[in-house]
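For reference, the structure discussed in these notes is given below.
Protein chains: 4
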Amino acid sequence: MCRFLAWAGAPRYFDELVLNQEQSLVEQSRNAMIGKTPINADGFGLAWYSERESPCFYKDTNPAWSDANLRQLAHHTRSRLFLAHVRASTGTATSRNNCHPFGHKRWSFMHNGQAGGHERIRQELDGMIPPECYEHRLGATESEAIFLIALGEGLDTDPIGAMARAVGRVEALSRRRGVSPFMRFAACWSDGQRLFAARYASDEFAPSLFHRRCAHGIIVSSEPLDDEQKKWVEVPTGEAIEINDGQISHHRFVPPLEEAVAA
Amino acid sequence: MCRFLAWAGAPRYFDELVLNQEQSLVEQSRNAMIGKTPINADGFGLAWYSERESPCFYKDTNPAWSDANLRQLAHHTRSRLFLAHVRASTGTATSRNNCHPFGHKRWSFMHNGQAGGHERIRQELDGMIPPECYEHRLGATESEAIFLIALGEGLDTDPIGAMARAVGRVEALSRRRGVSPFMRFAACWSDGQRLFAARYASDEFAPSLFHRRCAHGIIVSSEPLDDEQKKWVEVPTGEAIEINDGQISHHRFVPPLEEAVAA
Amino acid sequence: MCRFLAWAGAPRYFDELVLNQEQSLVEQSRNAMIGKTPINADGFGLAWYSERESPCFYKDTNPAWSDANLRQLAHHTRSRLFLAHVRASTGTATSRNNCHPFGHKRWSFMHNGQAGGHERIRQELDGMIPPECYEHRLGATESEAIFLIALGEGLDTDPIGAMARAVGRVEALSRRRGVSPFMRFAACWSDGQRLFAARYASDEFAPSLFHRRCAHGIIVSSEPLDDEQKKWVEVPTGEAIEINDGQISHHRFVPPLEEAVAA
Amino acid sequence: MCRFLAWAGAPRYFDELVLNQEQSLVEQSRNAMIGKTPINADGFGLAWYSERESPCFYKDTNPAWSDANLRQLAHHTRSRLFLAHVRASTGTATSRNNCHPFGHKRWSFMHNGQAGGHERIRQELDGMIPPECYEHRLGATESEAIFLIALGEGLDTDPIGAMARAVGRVEALSRRRGVSPFMRFAACWSDGQRLFAARYASDEFAPSLFHRRCAHGIIVSSEPLDDEQKKWVEVPTGEAIEINDGQISHHRFVPPLEEAVAA
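These protein sequence lines are chains A, B, C and D, in that order. Each residue of the first sequence is one higher than the last, beginning at 8 in the working numbering. Each residue of the second sequence is one higher than the last, beginning at 8 in the working numbering. Each residue of the third sequence is one higher than the last, beginning at 8 in the working numbering. Each residue of the fourth sequence is one higher than the last, beginning at 8 in the working numbering.
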């Protein structure tokens, strides 16, 4: 289990959310309130959209709380759209290549969750990645695999549907070969214009996911960053949200498992 | 606050104590039971005595739980005398140079505690280090300074007295220029033959320190490694122990503060 | 191109070969004499056989010349059989997971060379790895893939034949989908008892490989470690050597390309 | 010996100078043309001025050529004033704390050179640092010490004179206690508005230093970044330049050694 947050709105310094909140992401790396792993210290990552088309990534394997570079960058950099992640490994090695967010062209993606029996299904998972994306397979996480499979499912034209199909295909694989729980999934992804987030599980324990509207933008986060519980809206399981130009739209997020199994 | 353990006895694989106990040192790096910082993930270190005269050091800045090299070395290396430490920084940077144990010739040293107002007194502390030892000043911790000052106080000929004098000099400095608590100190040090440990504080909150006699040797540790509470003997505040050839001798450990101030 | 060396003989401290020779492995990391990449600073690794059955690994991503832990371990550890490697990446990320030697059970393996068009063929290469070994696929190098494929080809019972078949299968894949040069290969591998080394290329530029008999054992190395050129015997292209109990036996090493292609 | 470059002018992406030139700084990290250490792979650092008053720092201990974060940041970040440095250690450990540029409030500083007998004089050097700056002493290099001493000499009000006095005091110390060469110095420093650079040596071997005027700004660099040799102006030994709003002014840079010795 990991923790993440994202921002879409007026340009904002990262440290305002990543470091300076009561329950900032760095605080969550030491002491997450929701979820089964209070310590998320197996690396971290940031992705943000600058004036270039593709996002910029900064990742390292240190605990977020002790990384001097992270403090510097978070204090000096702002962006209208950024994603930030702290990792608690579910078995895969601590390595920059396994740190979220992952990226491809203008897309960025980060994830909290697991596919049951990941080690057993990893080779088949790797085989599902579209060949033209495989050279972008840098690490060994199922998170990165889901992202690359979603690219092959048409993320560019159908960002929510493609992600749901990717999750469905991986869940189907886990059901065939893996162990329960087959799929627990909370994720955030962006093309630099729109920010997407979705929540889903094959059992009743979907990872937590919240959003909050602020004066100049919207935060998406694994858990509330402050005590104002009423301001934080929980995303229901089986739902995705799309944030575009300050508007939030809601969508079903139900991975098409049957078809995926059939395929 | 940090956590540490040491072994003196028959050659023993590190992982038996560092990884495989209920409350092993690596477990303490995630979840220390005693002391105010449950997470000790700002680096770790090992020192062990091989067939060479000086000890061998392995240190890194990762959390101990995720370091693949540590797992490998701990599984394959054994020694009759080793020290192991996980660090929770009290402000100084996470850096290999700030990881314990520290070493000089045949000596190794590791520490849990603090000198109040460390940042204010650091330059004077650095000035107290004997010039011939200053090139061995690699980092910026007061722990390393105490060790190097103790070398200058005659660690070679009077291992417990020299350490007490060093602690006294640093406490005196902290009293003059620093902030309370002036000195909290639990430490372990060795010349490759004898293992020393001491516990002391300028207030009533000395860091915890225990030892336990096993079949083939003696463990010294910040906290018990298992549930057999009766087997673990707490070292009283103001006391040092010396382990030599399976024998434990007890000594007063009262830093000579007055003289130190006078000096 | 990378540089490596291995030792089989009486227990020997690593630093005698890794650090203290004129053209030691660490010196080669700065200034290799043979081969096209004088700097080999994209990580390094050591594997050695202790009293445990499986080898011990120490790897990191720093240049070998600046790693304080490597200096310590190399000065304090000795083994009758060890492998050491410094890496010059041919494109894959600098990561511990991409550092040689690789291991599985009692086997260790290190490699210098390349399969042409690695990025294009990587997914198929991953598909060739036996499913039961895939969870040991930690990184993204073709070197690790060749090793795991060789395990599937029967490394345990036919150490040289299995390696040749693995190399042949990878070369055949590179011929079908990759770019020339299809295969350049120098490698060293061991089961803890025997040390194997082989040299081969699909063109006339096989990576260099030497061995030298010393008083108490045999060195295998990418290039001579000293000026005594006459003492160093070059392994011919298309040949493998097996070192067992001080004896060197010579074998053909001709990857069965036709069959591999047929398969 | 290290390599560095700086930019003052219109906002410019770092990668244009740090990565994309023929003899870019990253290329210099592998293969410097001038100076005695062709490899500068013991860490690197960037400092740039954003909209905050103090500069932003990004430093790490990897070789610059293999740091994925550096590539990302250099491609996505631009600044009107930035400093970049690749390090070849002259003995001090590879550590983020020893990487240039160093900073304090709005100042940044980077250096190429050495004070003879650094290890012998380090404690006295540390004693010269103004007490109020000592908590900013993070590492162990003489470069950082010179910078902090210059702050104490009045860098804020007399940026060139204060630096010259600091260099003089350190040279005087090296003459009293160290070994020749007593001082070799090329450096660049900035307050976010003005960029300063100076070149000096106590013997005839001052480190190289160049500048070049471009369409929209001025580059300062250890060595020319391209083949247009005529465009690069060498800074003479004993001279400092000040770049302010596109204008270059020239100043003597003669450390006041006599007075320094007297003091």
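All C-beta atoms, glycine included, are put in the ideal place defined by N, C-alpha and C.
Just to confirm the assignment, what range does the alpha helix (DSSP H) spanning residue i have?
i	result
residue 170 of chain C	166 to 184
residue 1 of chain C	This structure cannot settle anything about residue 1 of chain C, because the visible part of chain C is limited to 8 through 270.
residue 154 of chain D	149 to 159
residue 127 of chain B	125 to 135
residue 37 of chain A	32 to 38
Once DSSP output is grouped into helix, strand and coil, what is the label at residue i?
i	result
residue 63 of chain C	strand
residue 72 of chain A	helix
residue 9 of chain D	coil
residue 262 of chain C	coil
residue 242 of chain C	coil
residue 90 of chain A	strand
residue 283 of chain D	There is simply no residue 283 of chain D to check, as chain D begins at 8 and stops at 270 in what is shown.
residue 7 of chain A	Chain A is shown only over 8 to 270; residue 7 of chain A falls outside these bounds and no answer can be derived.
residue 190 of chain B	strand
residue 121 of chain A	strand
residue 23 of chain A	helix
residue 47 of chain D	coil
residue 28 of chain A	coil
Pull up the CB-CB distance for residue i and residue j, whole angstroms please, since I reckon it's below 8 Å.
i	j	result
residue 132 of chain B	residue 115 of chain B	Not a contact, Cβ separation roughly 20 Å.
residue 141 of chain C	residue 129 of chain A	6 Å
residue 101 of chain A	residue 21 of chain A	Not really, about 22 Å apart at Cβ, beyond 8 Å.
residue 202 of chain D	residue 227 of chain D	7 Å
residue 47 of chain A	residue 35 of chain A	6 Å
residue 153 of chain B	residue 118 of chain B	7 Å
residue 199 of chain C	residue 60 of chain C	7 Å
residue 210 of chain B	residue 243 of chain B	No, residue 210 of chain B and residue 243 of chain B are not in contact; Cβ-Cβ is about 15 Å, not under 8 Å.
Which same chain residues, not among the five before or five after residue i, have their C-beta less than 8 Å away from its C-beta?
i	result
residue 267 of chain D	Caution is warranted here: a pLDDT of 46 is assigned to residue 267 of chain D, below 50, making its placement in the model unreliable, and the coordinate value is therefore given only provisionally. Around residue 267 of chain D: 172, 175, 176, 178 and 179.
residue 255 of chain A	218, 220, 225, 248 and 249
residue 185 of chain B	122, 123, 124, 125, 127 and 128
residue 246 of chain A	205, 206, 257, 258, 259 and 260
residue 55 of chain A	21, 62, 63, 84, 86, 88, 89 and 90
residue 223 of chain B	16, 17 and 19
residue 98 of chain A	125 and 126
residue 74 of chain C	51 and 67
residue 41 of chain C	215, 229 and 230
Please return the same chain residues whose Cβ sits closer than 6 Å to the Cβ of residue i, not counting the five positions on each side in sequence.
i	result
residue 135 of chain C	156
residue 66 of chain B	52, 103 and 106
residue 109 of chain C	116, 151 and 154
residue 44 of chain B	8 and 95
First and last residue of the beta strand (DSSP E) that includes residue i?
i	result
residue 110 of chain D	109 to 111
residue 202 of chain D	201 to 208
residue 53 of chain A	51 to 55
residue 218 of chain D	217 to 221
Can you list, in chain order, the residues of its chain with a C-beta nearer than 7 Å to that of residue i? Leave out the 5 residues immediately preceding and following it.
i	result
residue 264 of chain C	175, 178 and 179
residue 269 of chain C	The predicted position of residue 269 of chain C is uncertain, since its pLDDT is 42 and thus under 50; a value taken from the coordinates is nonetheless stated next. Around residue 269 of chain C: no qualifying Cβ.
residue 33 of chain B	25, 26, 71 and 72
In chain F, what lies closer than 9 Å to residue i by C-beta?
i	result
residue 138 of chain D	Chain labels in this structure do not include chain F; the protein chains are A, B, C and D.
(request) Could you list the residues in the segment 222 to 249 of chain D with a C-beta less than 8 Å from some C-beta on chain B, going in chain order? (result) none
(request) Would you list, in chain order, the members of the segment 67 to 83 of chain D that have their beta-carbon closer than 8 Å to a beta-carbon of chain A? (result) Result list: 67, 75, 76, 79, 80, 82 and 83.
(request) Using a Cβ-Cβ cut-off of less than 9 Å, give me the residues of the segment 140 to 163 of chain B that come near chain D, in sequence order. (result) 141, 142, 144, 145, 146 and 147
(message) Using a Cβ-Cβ cutoff of 9 Å, what residues of the segment 84 to 103 of chain A are near chain D? List them in chain order.
(response) 84, 85 and 103
(message) Output needed in chain order: residues of the segment 20 to 53 of chain B with a Cβ under 8 Å from some Cβ in chain A.
(response) Listed by position, the residues of the segment 20 to 53 of chain B near chain A (Cβ gap below 8 Å) are 37, 46, 48 and 49.
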